[in-house]
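Colleague:
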Amino acid sequence: MTDRLYPAAWDRDTGPFFTAAREGRLVFCACNACDRGLHVPTPSCRFCGSIDTSWRDARGTGTLYSWTTVTQQAHPAWPVPYTVVIVALDEAPEVRLTGCIPGAPALSAGQPMQVWFEDIGQGRTLPNWRPLQNGDLA
Amino acid sequence: MTAQDYVPFRDRAAVAGIGRTAFSRDSGRSALALATEAARAAISDAGLRPDQIDGLVRCDMDQTTGAAMAGALALPDVQFSADVGVGGGAPCAMIGVAAAAVLSGQARHVLVWRALNGRSEGRLGAAIAPRVVAGGQASYDDFFTPYGLLTAPQSFALLAQRHRTLYGTTDEQFGAVAILCRDNANRTPHAQMNGKPLDMAGYLASRMISTPLRLFDCCLETDGAAAVVVTTTDRARDLAQTPALIRATAQAPAVGSGGGMMFPSITWTDPLALAAGPVAHRLWSRAGLGPQDIDVAQVYDCFTITILLQLEAYGLCAPGESGPFVQSGAVSADGRVPINTDGGNMSGGYIHGLNHLVEAVRQMRGTADVQKSGAETCLVTSGPVGMSSALVLRRDA
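These protein sequence lines map, in sequence, to chains A and B.
Quick note, this note's numbering runs 942 ahead of the 1-based positions in the first sequence.
Quick note, this note's numbering runs 2 ahead of the 1-based positions in the second sequence.
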């Protein structure tokens, strides 16, 4: 198995997302002044300029915003087909997070999605997404 | 700053010369050699000598530095040099910086170029930054590449799928974009895809890259270079060619853009407006013109979806209507506003958008191969991610 790509968990602005994932928590960056979610996460708010930003816990549910099924292989660690999904968080739909599903599943815009935590080795965990299934706690 | 501040600068600078190399899959030469050839062609076209070039504007992704270009042309008197970015978003901003230099007394004749061996020396469509550790240092790749979102086609496919979701955009509408660019290339001898006609059956049969984008939704990867010379309109009128007046230029980032390159585009406040929405608003007010005043347009086209989204953002059609708009023939060669008349990045050659400037100047001179009859205004747009830019050229009266 060729090495896949591991997120740089040491970055001061983005690392907390992956540190929380290691603990099984989904978090997102938000502005405490104007209450908007900030993804990609930045140390100040691009809407109001406030430097009062912090990481908030998310419930781990969302809706499918967009997706693409990759059919031409670009990297040895990513055999095709696979499907990249973009999920809008339920509590902050302006935060759209990435996930990946093997194969070419049938998907439809707006369908409920559920986070899960994927241990990818090297001490890294990715928050990942799959369609909400019967039995999931919504 | 308001658009009113810009009014005194409308039409005050001009493109006086244009040049390019052949566009190919393997130039057999360095990017520096390509840059030098295109630069010499543009300088000569303007009726200037290399030693009259005293300003340089380079794309931040170009291999050729300002110092290298000064050496390559043996320029004795370079007084102004600027690097403008980012990448494909830069070309119209590069013209804006060159105009600012000549209008502020910092240079008389500014050379603007872009050169790349985009096919033979490293394919631009391949995976970006295929490092084992992704992200950090404001790249934000950590939120995308570990999930398998690795290439430009995959990133723009997410926008294309969103457009389909909201507006029902069809395969045939994407195909209509690819085919109109190819049709124009087939009437433009220097276009890379000249002699390779494409019809809808051929488009639909091309292999899927990343749904819904097929091979022929993607631009070319090209070895080649393009260059232009910018000076004041007053000086340009004494040179060899009819000047193409720079009516206005504009730059802006996307609303809600936190940084990074193309991958975060799906996270922006309105991903389908890209950075083109804010650029368009500023450009039209600076130019004192609107989409109804535009005769011909060169629209940055890394992918078919990029054209569709910009037709909407620049107001050439209403939001969501770009698919039927292209199918109507409105932007085809004999339509009201022909676009990408040399085939653009899709079928002409991928010189990262500076080729669109060269073609726009040809339209204003009346010398394009697919010439819009009587064209007096041309819109040019640059890559709509990161910090984007656009401009309007006007034929000198």
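Where a beta carbon is used, it is the ideal one built from N, C-alpha and C, also for glycine.
Which of helix, strand or coil does DSSP assign to residue 367 of chain B?
Modeller: Within the second sequence, numbered from 1, the residue matching residue 367 of chain B stands at position 365. Note: residue 367 of chain B maps to helix in three-state DSSP.
Colleague: Counting only the same chain and skipping the five closest in sequence on each side, list residues whose C-beta sits under 8 Å from that of residue 943 of chain A.
Modeller: Residue numbering aside, residue 943 of chain A sits at position 1 when the first sequence is read from its first letter. Because the pLDDT of residue 943 of chain A is 47, which lies under 50, any placement of that residue in the model is unreliable, and the number read from its coordinates should be weighed accordingly. Excluding the 5 residues flanking it on each side, residue 943 of chain A has same chain C-beta neighbours closer than 8 Å at 1019, in chain order.
Colleague: Could you name the residues of chain A that residue 146 of chain B contacts, counting a contact when the two beta carbons are closer than 9 Å?
Modeller: Taking the first residue of the second sequence as 1, we reach residue 146 of chain B at position 144. Within chain A, the residues near residue 146 of chain B are 1026, 1040.
Colleague: Quick check on this structure: which residue in A/970, A/1053, A/946 has the alpha carbon closest to the alpha carbon of residue 957 of chain A?
Modeller: As a first step, residue 957 of chain A is located in the first sequence; it is residue number 15 there, counting from the start. When each option's Cα is compared against that of residue 957 of chain A, the closest is A/970.
Colleague: Name the residues in the stretch 984–1015 of chain A whose C-beta lies less than 8 Å from a C-beta of chain B; which are they?
Modeller: 984, 988, 989, 1007, 1008, 1009, 1010, 1011, 1012, 1013, 1014
Colleague: State yes or no: is the C-beta of residue 1051 of chain A nearer than 7 Å to some heavy atom of the ligand GDP?
Modeller: In terms of ligand content, the structure shown is empty, and the ligand GDP therefore cannot be addressed.
Colleague: Under 8 Å between the Cβ atoms of residue 346 of chain B and residue 91 of chain B?
Modeller: In the second sequence, residue 346 of chain B corresponds to position 344, counting from 1. In the second sequence, residue 91 of chain B corresponds to position 89, counting from 1. No; because the gap between Cβ atoms is not below 8 Å, this pair is not in contact.
Colleague: Step through the CB atoms of chain A and report whether any lies within less than 8 Å of the CB of residue 96 of chain B.
Modeller: Here residue 96 of chain B is taken as the residue at index 94 of the second sequence, counted from 1. Taking Cβ atoms only, chain A never reaches closer than 8 Å to residue 96 of chain B, which makes this a no.
Colleague: In chain order, what residues of the same chain lie with their CB nearer than 7 Å to the CB of residue 975 of chain A, ignoring the 5 residues before and after it?
Modeller: Within the first sequence, the letter at position 33 stands for residue 975 of chain A. Contacts found: 987, 990, 992, 994.
Colleague: Starting from the C-beta of residue 363 of chain B, find all residues in its chain whose C-beta is less than 6 Å away, skip the five residues before and the five after it, and write them out in chain order.
Modeller: Taking the second sequence and counting its residues from 1, one reaches residue 363 of chain B at position 361. Excluding positions up to five away in sequence, the list reads 17, 20, 246.
Colleague: Name the chain B residues whose beta carbon is nearer than 9 Å to that of residue 964 of chain A?
Modeller: For the purposes of this step, residue 964 of chain A is taken as the residue at position 22 of the first sequence. Those within 9 Å of residue 964 of chain A in chain B number zero; the least Cβ separation is about 14 Å.
Colleague: Assign residue 114 of chain B to one of two classes, buried (16 or more other C-beta atoms within 10 Å of its C-beta) or exposed (fewer than that).
Modeller: If you number the second sequence from 1, residue 114 of chain B lands on position 112. Flag for residue 114 of chain B reads buried.
Colleague: Round the Cβ separation of residue 272 of chain B and residue 279 of chain B to the nearest angstrom and send it over; I've been treating them as touching at under 8 Å.
Modeller: If you number the second sequence from 1, residue 272 of chain B lands on position 270. If you number the second sequence from 1, residue 279 of chain B lands on position 277. Contact holds; Cβ gap of about 7 Å.
Colleague: Give me the Cα-Cα distance between residue 236 of chain B and residue 83 of chain B, rounded to the nearest whole angstrom.
Modeller: Taking the first residue of the second sequence as position 1, residue 236 of chain B is located at position 234. Taking the first residue of the second sequence as position 1, residue 83 of chain B is located at position 81. Near 22 Å, if we compare the C-alpha coordinates of residue 83 of chain B and residue 236 of chain B.
Colleague: Listed in chain order, which residues of the stretch 199–223 of chain B have Cβ atoms closer than 9 Å to some Cβ of chain A?
Modeller: 209, 210, 211, 212, 213, 214, 215, 217
Colleague: Can you give me the C-alpha to C-alpha distance between residue 1062 of chain A and residue 1070 of chain A, rounded to a whole angstrom?
Modeller: On the first sequence, residue 1062 of chain A is found 120 positions in, with the first residue counted as 1. On the first sequence, residue 1070 of chain A is found 128 positions in, with the first residue counted as 1. Distance between the alpha carbons of residue 1062 of chain A and residue 1070 of chain A: 11 Å.
Colleague: Based on the DSSP secondary-structure assignment, which residues constitute the bridge partners of residue 17 of chain B?
Modeller: On the second sequence, position 15 is the one that residue 17 of chain B refers to. The partner list for residue 17 of chain B (beta bridge, DSSP) reads B/232, B/246.
Colleague: Within 8 Å (strictly less), CB to CB, does residue 961 of chain A reach chain B?
Modeller: Stepping through the first sequence from its first residue, residue 961 of chain A is reached at position 19. By the rule that beta-carbons nearer than 8 Å mark a contact, residue 961 of chain A does not touch chain B.
Colleague: Between residue 1020 of chain A and chain B, is any beta-carbon pair separated by less than 8 Å?
Modeller: Here residue 1020 of chain A refers to the residue found at position 78 when the first sequence is read from its first residue. With 8 Å as the cut-off, residue 1020 of chain A counts as an interface residue toward chain B.
Colleague: Give me the residue from B/158, B/154, B/157, B/134 with the minimum Cα distance to residue 148 of chain B.
Modeller: Counting from 1 along the second sequence, the entry for residue 148 of chain B is found at position 146. Here the closest residue by C-alpha is B/134.
Colleague: Cα separation between residue 126 of chain B and residue 150 of chain B?
Modeller: Residue numbering aside, residue 126 of chain B sits at position 124 when the second sequence is read from its first letter. Residue numbering aside, residue 150 of chain B sits at position 148 when the second sequence is read from its first letter. Looking at the two C-alpha atoms, the distance is approximately 17 Å.
Colleague: Can you have a look at residue 57 of chain B and say buried or exposed, based on whether 16 or more other CB atoms are within 10 angstroms of its CB?
Modeller: Position 55 of the second sequence holds residue 57 of chain B. Label assigned to residue 57 of chain B: buried.
Colleague: Which class does residue 106 of chain B belong to by DSSP, given the choice of helix, strand or coil?
Modeller: Position 104 of the second sequence, counted from the start, is the residue given in the question as residue 106 of chain B. In this structure, residue 106 of chain B counts as coil in the three-state DSSP scheme.
Colleague: Mind listing, in chain order, the continuous beta strand (DSSP E) runs of no fewer than 3 residues lying wholly within the stretch 143–178 of chain B?
Modeller: DSSP runs (the beta strand (DSSP E)) wholly in the stretch 143–178 of chain B: none.
Colleague: Bridge partners for residue 1038 of chain A per DSSP, in chain order?
Modeller: The residue you call residue 1038 of chain A lines up with position 96 of the first sequence. DSSP, once it has assigned bridges, lists A/1030 as partnering residue 1038 of chain A.
Colleague: Taking 8 Å as the cut-off, decide whether the C-beta atoms of residue 397 of chain B and residue 249 of chain B are in contact.
Modeller: By one-based count along the second sequence, residue 397 of chain B stands at place 395. By one-based count along the second sequence, residue 249 of chain B stands at place 247. Pairing residue 397 of chain B with residue 249 of chain B gives a Cβ-Cβ distance that is not under 8 Å.
Colleague: Who are the neighbours of residue 1054 of chain A on chain B, taking C-beta pairs under 7 Å?
Modeller: Against the first sequence, residue 1054 of chain A aligns to sequence position 112. Going along chain B, no residue has its Cβ under 7 Å from residue 1054 of chain A, so there is no contact; the nearest lies around 16 Å.
Colleague: With distances taken between CB atoms, is the gap from residue 1010 of chain A to residue 159 of chain B smaller than 8 Å?
Modeller: Here residue 1010 of chain A is taken as the residue at index 68 of the first sequence, counted from 1. Here residue 159 of chain B is taken as the residue at index 157 of the second sequence, counted from 1. In this structure, residue 159 of chain B lies closer than 8 Å to residue 1010 of chain A by Cβ.
Colleague: Starting from residue 307 of chain B, follow the alpha helix (DSSP H) in both directions and report where the run begins and ends.
Modeller: The sequence position of residue 307 of chain B within the second sequence is 305, counting from 1. Where residue 307 of chain B is concerned, the enclosing alpha helix (DSSP H) stretches over 306–315.
Colleague: Can you give, in chain order, each stretch of the alpha helix (DSSP H) that sits fully within the stretch 73–100 of chain B and has at least 4 residues?
Modeller: none
Colleague: When DSSP builds the beta bridges, which residues end up paired with residue 202 of chain B?
Modeller: As a first step, residue 202 of chain B is located in the second sequence; it is residue number 200 there, counting from the start. Beta-bridge annotation (DSSP): residue 202 of chain B is not paired with any residue.
Colleague: Given residue 220 of chain B, which residues of its chain have a CB within under 7 Å of its CB, disregarding the five upstream and five downstream residues?
Modeller: Looking up residue 220 of chain B in the second sequence gives position 218. Excluding sequence neighbours, residue 220 of chain B sits near 127, 155, 211, 305.
Colleague: Using three-state DSSP, classify residue 265 of chain B as helix, strand or coil.
Modeller: Position 263 of the second sequence, counted from the first residue, corresponds to residue 265 of chain B. Residue state, collapsed to three classes: helix.
Colleague: Nearest-angstrom Cα distance between residue 164 of chain B and residue 73 of chain B?
Modeller: For the purposes of this step, residue 164 of chain B is taken as residue 162 along the second sequence, with counting starting at 1. For the purposes of this step, residue 73 of chain B is taken as residue 71 along the second sequence, with counting starting at 1. For residue 164 of chain B and residue 73 of chain B, the distance between alpha carbons rounds to 47 Å.
Colleague: Residues of chain A with CB closer than 7 Å to the CB of residue 159 of chain B, please, in chain order.
Modeller: Position 157 of the second sequence, counting from 1, holds the residue named residue 159 of chain B. Those within 7 Å of residue 159 of chain B in chain A are 1010.
Colleague: Roughly how many angstroms lie between the CA atoms of residue 255 of chain B and residue 386 of chain B, to the nearest whole one?
Modeller: On the second sequence, residue 255 of chain B is found 253 positions in, with the first residue counted as 1. On the second sequence, residue 386 of chain B is found 384 positions in, with the first residue counted as 1. Spanning the alpha carbons of residue 255 of chain B and residue 386 of chain B requires a straight line of approximately 8 Å.
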